[in-house]
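To start, the structure under review is shown below, and the notes come after it.
Below, the structure is given as C-alpha coordinates:
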(Lines of atoms letter the chains of each structure in order from A and count residues from 1; the text may use other names and numbers.)
(Lines give C-alpha, C1' and ligand atoms only; values in the text may rest on other atoms or scores of the structure.)
Protein backbone atom coordinates (compact mmCIF):
# COMPACT_ATOMS: atom_id res chain seq x y z
CA UNK A 1 0.00 0.00 0.00
CA UNK A 2 1.15 3.51 -0.87
CA UNK A 3 -0.18 6.64 0.85
CA UNK A 4 0.68 10.07 -0.51
CA UNK A 5 -0.02 13.37 1.26
CA UNK A 6 -0.41 16.44 -0.97
CA UNK A 7 -1.00 19.97 0.36
CA UNK A 8 -3.79 22.35 -0.52
CA UNK A 9 -2.87 25.97 -1.16
CA UNK A 10 -3.74 29.60 -0.63
CA UNK A 11 -3.11 31.77 -3.67
CA UNK A 12 -2.17 35.30 -2.63
CA UNK A 13 -1.37 37.31 -5.77
CA UNK A 14 -1.40 36.93 -9.54
CA UNK A 15 -4.20 34.38 -9.94
CA UNK A 16 -5.54 34.43 -13.49
CA UNK A 17 -2.15 35.13 -15.06
CA UNK A 18 -1.40 31.39 -14.80
CA UNK A 19 -3.89 30.44 -17.52
CA UNK A 20 -2.02 29.10 -20.57
CA UNK A 21 -4.26 31.16 -22.85
CA UNK A 22 -2.85 34.28 -21.21
CA UNK A 23 0.72 33.56 -20.15
CA UNK A 24 1.76 31.95 -23.43
CA UNK A 25 1.48 35.39 -25.00
CA UNK A 26 1.93 37.78 -22.06
CA UNK A 27 3.75 35.79 -19.37
CA UNK A 28 2.43 35.56 -15.82
CA UNK A 29 3.42 35.22 -12.18
CA UNK A 30 1.88 34.32 -8.82
CA UNK A 31 2.65 34.20 -5.12
CA UNK A 32 1.14 31.09 -3.59
CA UNK A 33 1.67 29.02 -0.46
CA UNK A 34 0.99 25.42 0.42
CA UNK A 35 -0.88 25.00 3.71
CA UNK A 36 -1.11 22.23 6.29
CA UNK A 37 -4.41 20.90 4.94
CA UNK A 38 -4.07 17.91 2.67
CA UNK A 39 -5.46 15.50 0.13
CA UNK A 40 -4.50 11.88 0.78
CA UNK A 41 -4.35 9.30 -2.01
CA UNK A 42 -3.86 5.60 -1.37
CA UNK A 43 -3.04 2.94 -3.94
CA UNK A 44 -3.22 -0.76 -3.11
CA UNK A 45 -3.04 -3.96 -5.13
CA UNK A 46 -6.26 -6.00 -5.41
CA UNK A 47 -6.60 -9.76 -5.24
CA UNK A 48 -8.57 -9.77 -8.51
CA UNK A 49 -8.25 -7.73 -11.71
CA UNK A 50 -10.98 -5.22 -10.93
CA UNK A 51 -10.40 -1.50 -10.40
CA UNK A 52 -11.98 0.02 -7.31
CA UNK A 53 -11.96 3.79 -6.63
CA UNK A 54 -13.31 5.25 -3.40
CA UNK A 55 -14.09 8.93 -2.89
CA UNK A 56 -17.49 10.47 -2.06
CA UNK A 57 -18.84 7.44 -3.90
CA UNK A 58 -17.40 4.04 -4.79
CA UNK A 59 -16.75 2.71 -8.28
CA UNK A 60 -15.91 -0.90 -9.11
CA UNK A 61 -15.11 -1.55 -12.77
CA UNK A 62 -13.31 -4.09 -14.93
CA UNK A 63 -11.13 -1.56 -16.74
CA UNK A 64 -9.85 1.90 -15.92
CA UNK A 65 -11.56 3.35 -19.01
CA UNK A 66 -14.93 2.73 -17.33
CA UNK A 67 -14.22 5.03 -14.38
CA UNK A 68 -16.28 8.20 -14.03
CA UNK A 69 -13.77 9.94 -11.73
CA UNK A 70 -11.91 11.80 -14.47
CA UNK A 71 -8.78 12.76 -12.54
CA UNK A 72 -8.18 9.26 -11.19
CA UNK A 73 -9.04 7.64 -14.52
CA UNK A 74 -6.60 9.79 -16.47
CA UNK A 75 -3.89 9.44 -13.81
CA UNK A 76 -4.17 5.66 -14.03
CA UNK A 77 -3.97 5.85 -17.83
CA UNK A 78 -0.99 8.23 -17.68
CA UNK A 79 0.92 5.88 -15.37
CA UNK A 80 -0.05 2.74 -17.31
CA UNK A 81 -2.16 1.04 -14.63
CA UNK A 82 -5.21 -0.66 -16.16
CA UNK A 83 -6.54 -3.18 -13.62
CA UNK A 84 -6.03 -4.98 -10.32
CA UNK A 85 -5.77 -1.88 -8.13
CA UNK A 86 -7.66 0.05 -5.45
CA UNK A 87 -7.42 3.83 -5.19
CA UNK A 88 -8.94 6.03 -2.50
CA UNK A 89 -8.92 9.78 -1.98
CA UNK A 90 -9.58 11.67 1.26
CA UNK A 91 -9.23 15.34 2.16
CA UNK A 92 -8.98 17.44 5.30
CA UNK A 93 -11.78 19.67 4.03
CA UNK A 94 -14.68 19.08 1.63
CA UNK A 95 -12.91 19.34 -1.70
CA UNK A 96 -15.80 20.45 -3.89
CA UNK A 97 -15.78 24.18 -4.45
CA UNK A 98 -13.31 25.07 -1.70
CA UNK A 99 -11.06 27.35 -3.75
CA UNK A 100 -7.98 25.82 -2.13
CA UNK A 101 -6.68 23.97 -5.19
CA UNK A 102 -8.11 20.55 -4.41
CA UNK A 103 -8.38 19.24 -7.97
CA UNK A 104 -4.73 20.02 -8.62
CA UNK A 105 -3.76 18.35 -5.33
CA UNK A 106 -5.81 15.25 -6.18
CA UNK A 107 -4.19 14.90 -9.60
CA UNK A 108 -0.64 15.48 -8.35
CA UNK A 109 -1.21 13.13 -5.40
CA UNK A 110 -2.72 10.43 -7.59
CA UNK A 111 0.13 10.53 -10.10
CA UNK A 112 2.68 10.48 -7.28
CA UNK A 113 1.07 7.49 -5.54
CA UNK A 114 0.68 5.54 -8.77
CA UNK A 115 4.28 6.06 -9.85
CA UNK A 116 5.59 5.01 -6.42
CA UNK A 117 3.26 1.98 -6.49
CA UNK A 118 5.16 0.89 -9.60
CA UNK A 119 8.54 1.60 -8.01
CA UNK A 120 9.24 4.82 -9.89
CA UNK A 121 10.42 8.03 -8.22
CA UNK A 122 9.28 11.16 -10.05
CA UNK A 123 10.44 14.74 -9.41
CA UNK A 124 8.03 17.56 -8.53
CA UNK A 125 8.36 19.27 -11.91
CA UNK A 126 7.19 16.17 -13.76
CA UNK A 127 4.30 15.58 -11.38
CA UNK A 128 3.11 19.17 -11.85
CA UNK A 129 3.59 19.15 -15.62
CA UNK A 130 1.75 15.85 -16.10
CA UNK A 131 -1.07 16.97 -13.79
CA UNK A 132 -1.48 20.06 -15.99
CA UNK A 133 -1.49 17.88 -19.09
CA UNK A 134 -4.31 15.79 -17.61
CA UNK A 135 -6.49 18.66 -16.44
CA UNK A 136 -5.92 21.18 -19.23
CA UNK A 137 -4.94 19.24 -22.34
CA UNK A 138 -6.67 15.88 -21.84
CA UNK A 139 -9.82 16.94 -19.96
CA UNK A 140 -10.03 20.48 -21.31
CA UNK A 141 -10.72 22.05 -17.94
CA UNK A 142 -10.60 25.87 -17.77
CA UNK A 143 -7.92 26.07 -15.09
CA UNK A 144 -4.53 27.66 -14.56
CA UNK A 145 -1.33 25.84 -13.70
CA UNK A 146 -0.35 27.26 -10.31
CA UNK A 147 -2.36 24.71 -8.30
CA UNK A 148 -0.55 21.71 -9.74
CA UNK A 149 2.88 23.29 -9.22
CA UNK A 150 2.32 24.42 -5.63
CA UNK A 151 0.85 21.00 -4.78
CA UNK A 152 3.95 19.28 -6.17
CA UNK A 153 6.57 21.67 -4.77
CA UNK A 154 4.98 22.95 -1.54
CA UNK A 155 6.35 25.90 0.39
CA UNK A 156 5.84 29.65 0.10
CA UNK A 157 6.55 30.22 -3.59
CA UNK A 158 7.07 32.72 -6.36
CA UNK A 159 6.16 31.20 -9.73
CA UNK A 160 6.65 32.62 -13.19
CA UNK A 161 4.98 31.37 -16.36
CA UNK A 162 6.93 32.17 -19.50
CA UNK A 163 5.46 32.80 -22.97
CA UNK A 164 7.30 29.73 -24.24
CA UNK A 165 5.47 27.58 -21.69
CA UNK A 166 8.31 27.25 -19.18
CA UNK A 167 7.34 27.42 -15.49
CA UNK A 168 9.92 28.49 -12.91
CA UNK A 169 9.30 27.88 -9.21
CA UNK A 170 11.29 29.71 -6.53
CA UNK A 171 10.97 29.44 -2.77
CA UNK A 172 10.45 32.79 -1.03
CA UNK A 173 12.81 32.56 1.94
CA UNK A 174 11.92 34.78 4.90
CA UNK A 175 13.53 34.99 8.36
CA UNK A 176 11.63 32.76 10.77
CA UNK A 177 10.00 35.56 12.81
CA UNK A 178 8.89 37.40 9.64
CA UNK A 179 7.37 34.25 8.12
CA UNK A 180 5.50 33.51 11.36
CA UNK A 181 4.21 37.07 11.47
CA UNK A 182 2.95 36.81 7.90
CA UNK A 183 1.36 33.41 8.54
CA UNK A 184 -0.39 34.62 11.69
CA UNK A 185 -1.72 37.73 9.95
CA UNK A 186 -3.55 35.67 7.32
CA UNK A 187 -6.87 34.15 8.39
CA UNK A 188 -9.31 31.97 6.46
CA UNK A 189 -13.07 31.80 6.91
CA UNK A 190 -15.43 29.42 5.12
CA UNK A 191 -18.14 31.47 3.44
CA UNK A 192 -20.62 28.60 3.66
CA UNK A 193 -21.01 28.83 -0.10
CA UNK A 194 -19.81 26.00 -2.32
CA UNK A 195 -19.85 26.38 -6.05
CA UNK A 196 -18.78 24.72 -9.26
CA UNK A 197 -15.87 26.92 -10.30
CA UNK A 198 -15.96 25.73 -13.93
CA UNK A 199 -18.62 28.22 -15.04
CA UNK A 200 -16.68 31.15 -13.50
CA UNK A 201 -13.40 29.93 -14.96
CA UNK A 202 -14.94 29.31 -18.39
CA UNK A 203 -16.24 32.88 -18.46
CA UNK A 204 -12.91 34.19 -17.19
CA UNK A 205 -11.04 32.26 -19.87
CA UNK A 206 -13.33 33.55 -22.64
CA UNK A 207 -12.94 37.14 -21.41
CA UNK A 208 -9.15 37.09 -21.29
CA UNK A 209 -8.52 39.08 -24.49
CA UNK A 210 -10.83 41.83 -23.21
CA UNK A 211 -9.35 41.68 -19.70
CA UNK A 212 -5.67 41.59 -20.70
CA UNK A 213 -4.96 44.94 -19.06
CA UNK A 214 -6.53 43.78 -15.78
CA UNK A 215 -4.39 40.64 -15.87
CA UNK A 216 -1.27 42.72 -16.50
CA UNK A 217 -2.11 44.81 -13.43
CA UNK A 218 -2.59 41.65 -11.37
CA UNK A 219 0.83 40.43 -12.48
CA UNK A 220 2.40 43.79 -11.63
CA UNK A 221 0.76 43.65 -8.21
CA UNK A 222 2.21 40.18 -7.61
CA UNK A 223 5.69 41.52 -8.40
CA UNK A 224 5.21 44.46 -6.05
CA UNK A 225 3.93 42.15 -3.30
CA UNK A 226 7.00 39.96 -3.67
CA UNK A 227 9.28 42.97 -3.30
CA UNK A 228 7.39 44.19 -0.24
CA UNK A 229 7.33 40.76 1.47
CA UNK A 230 11.02 40.05 0.86
CA UNK A 231 11.79 43.54 2.12
CA UNK A 232 9.92 42.85 5.36
CA UNK A 233 7.09 45.32 4.69
CA UNK A 234 4.15 43.12 5.67
CA UNK A 235 1.84 46.10 6.30
CA UNK A 236 1.65 46.55 2.51
CA UNK A 237 0.15 43.10 1.97
CA UNK A 238 -3.39 43.97 3.10
CA UNK A 239 -3.82 47.04 0.87
CA UNK A 240 -2.33 45.12 -2.08
CA UNK A 241 -4.73 42.22 -1.46
CA UNK A 242 -7.62 44.67 -1.36
CA UNK A 243 -6.57 46.30 -4.62
CA UNK A 244 -6.02 42.97 -6.36
CA UNK A 245 -9.42 41.73 -5.17
CA UNK A 246 -11.09 44.75 -6.77
CA UNK A 247 -9.30 43.88 -10.01
CA UNK A 248 -10.11 40.18 -9.80
CA UNK A 249 -13.82 40.96 -9.49
CA UNK A 250 -13.62 42.33 -13.04
CA UNK A 251 -12.43 39.03 -14.53
CA UNK A 252 -15.87 37.33 -14.50
CA UNK A 253 -19.41 38.23 -13.47
CA UNK A 254 -19.72 35.73 -10.59
CA UNK A 255 -16.34 36.15 -8.90
CA UNK A 256 -18.22 37.83 -6.05
CA UNK A 257 -21.83 38.28 -4.97
CA UNK A 258 -23.84 40.21 -2.41
CA UNK A 259 -23.27 37.77 0.44
CA UNK A 260 -19.51 37.70 -0.11
CA UNK A 261 -19.38 41.48 -0.39
CA UNK A 262 -21.16 41.79 2.97
CA UNK A 263 -18.70 39.41 4.66
CA UNK A 264 -15.73 41.23 3.20
CA UNK A 265 -16.96 44.68 4.15
CA UNK A 266 -17.79 43.51 7.69
CA UNK A 267 -14.21 42.25 8.03
CA UNK A 268 -12.82 45.51 6.69
CA UNK A 269 -14.88 47.55 9.13
CA UNK A 270 -13.54 45.38 11.95
CA UNK A 271 -9.94 46.05 10.95
CA UNK A 272 -8.91 43.68 8.16
CA UNK A 273 -6.59 45.53 5.80
CA UNK A 274 -7.55 43.51 2.74
CA UNK A 275 -8.46 40.09 1.47
CA UNK A 276 -9.93 38.01 -1.32
CA UNK A 277 -11.87 34.89 -2.11
CA UNK A 278 -9.40 32.09 -2.70
CA UNK A 279 -9.57 30.30 -6.02
CA UNK A 280 -12.00 31.26 -8.79
CA UNK A 281 -14.40 33.11 -6.50
CA UNK A 282 -18.13 32.80 -6.01
CA UNK A 283 -17.73 30.99 -2.69
CA UNK A 284 -15.31 28.78 -0.84
CA UNK A 285 -12.92 30.48 1.57
CA UNK A 286 -12.41 34.15 2.37
CA UNK A 287 -8.77 35.06 3.03
CA UNK A 288 -8.12 38.17 5.13
CA UNK A 289 -4.99 40.05 6.15
CA UNK A 290 -5.35 41.01 9.80
CA UNK A 291 -2.22 42.26 11.56
CA UNK A 292 -1.89 41.63 15.30
CA UNK A 293 -4.42 43.60 17.32
CA UNK A 294 -7.13 43.35 14.66
CA UNK A 295 -7.78 39.61 14.51
CA UNK A 296 -10.04 39.40 17.57
CA UNK A 297 -12.36 42.09 16.24
CA UNK A 298 -12.45 40.49 12.79
CA UNK A 299 -13.25 37.09 14.25
CA UNK A 300 -16.07 38.64 16.25
CA UNK A 301 -17.44 40.40 13.18
CA UNK A 302 -17.44 37.09 11.25
CA UNK A 303 -18.46 34.91 14.20
CA UNK A 304 -21.15 33.24 12.11
CA UNK A 305 -18.48 31.78 9.80
CA UNK A 306 -16.22 28.81 10.48
CA UNK A 307 -12.55 29.73 10.63
CA UNK A 308 -9.92 27.39 9.19
CA UNK A 309 -6.66 27.86 11.14
CA UNK A 310 -3.66 26.98 8.99
CA UNK A 311 0.10 27.02 8.87
CA UNK A 312 2.36 27.37 5.86
CA UNK A 313 3.45 23.92 4.65
CA UNK A 314 7.10 23.69 3.55
CA UNK A 315 6.77 20.35 1.74
CA UNK A 316 4.98 19.40 -1.43
CA UNK A 317 3.44 16.05 -2.31
CA UNK A 318 5.20 13.28 -0.41
CA UNK A 319 4.93 9.59 0.42
CA UNK A 320 3.97 9.06 4.05
CA UNK A 321 3.48 5.26 3.89
CA UNK A 322 5.11 2.73 1.60
CA UNK A 323 4.50 -0.93 2.39
CA UNK A 324 5.21 -3.75 -0.01
CA UNK A 325 4.77 -7.47 0.53
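Numbering (the numbering used here), first residue to last: 791 to 1115.
We treat Cβ as the ideally placed atom computed from N, Cα and C, and that holds for glycine.
Only a predicted model underlies this, so the values are computations on that prediction, with no experimental measurement involved.
{"query": "Buried or exposed by the 16-neighbour rule on C-beta atoms within 10 Å, applied to residue 1111", "result": "exposed"}
{"query": "Delimiting residues of the beta strand (DSSP E) encompassing residue 876", "result": "875 to 881"}
{"query": "Rounded straight-line distance, which links the Cα of residue 996 to that of residue 909", "result": "41 Å"}
{"query": "Rounded C-alpha distance that separates residue 1060 from residue 1079", "result": "12 Å"}
{"query": "Beta carbon of residue 1098 nearer than 8 Å to that of residue 978", "result": "yes"}
{"query": "Counterpart residues of residue 828 in DSSP-defined beta bridges", "result": "797"}
{"query": "Distance between beta carbons of residue 894 and residue 858, contact taken as under 8 Å", "result": "So it is not a contact: roughly 20 Å between Cβ atoms."}
{"query": "Helix, strand or coil at residue 931 [DSSP, three-state]", "result": "coil"}
{"query": "For residue 821, the nearest candidate out of 975, 796 and 1031 (CA to CA)", "result": "1031"}
{"query": "Distance between beta carbons of residue 810 and residue 935, contact taken as under 8 Å", "result": "7 Å"}
{"query": "Pair within 8 Å by beta-carbon distance, residue 998 and residue 1008", "result": "no"}
{"query": "Other residues of its chain near residue 1077: CB distance less than 7 Å, five sequence neighbours each side excluded", "result": "800, 976, 978, 1065, 1066 and 1068"}
{"query": "For residue 1079, the residue or residues it bridges with in DSSP", "result": "976 and 1064"}
{"query": "Inter-residue spacing [alpha-carbon to alpha-carbon] between residue 1017 and residue 795", "result": "31 Å"}
{"query": "Neighbour-count burial assignment, residue 961, 16 or more Cβ in a 10 Å radius", "result": "exposed"}
{"query": "Whole-Å CB distance - residue 1001 paired with residue 1040, under 8 Å assumed", "result": "7 Å"}
{"query": "The segment 908 to 922 in contact with the segment 843 to 860 per 3-pair CB rule at 8 Å", "result": "no"}
{"query": "Anticipated Cβ contact below 8 Å, residue 831 with residue 903, distance rounded", "result": "5 Å"}
{"query": "Spatial distance of residue 1012 from residue 950 (CA atoms)", "result": "10 Å"}
{"query": "Buried or exposed by the 16-neighbour rule on C-beta atoms within 10 Å, applied to residue 1053", "result": "buried"}
{"query": "Beta-carbon spacing of residue 792, residue 833 below 8 Å", "result": "yes"}
{"query": "Local conformation of residue 888 per DSSP, three classes", "result": "coil"}
{"query": "First through last residue of the beta strand (DSSP E) which encompasses residue 1027", "result": "Per DSSP, residue 1027 belongs to no beta strand (DSSP E); it is in the alpha helix (DSSP H), 1027 to 1038."}
{"query": "Distance between residue 837 and residue 1114 (C-alpha atoms, nearest Å)", "result": "14 Å"}
{"query": "Residue 998, DSSP secondary structure in three states", "result": "coil"}
{"query": "Whole-angstrom distance between residue 848 and residue 867, CA atom to CA atom", "result": "19 Å"}
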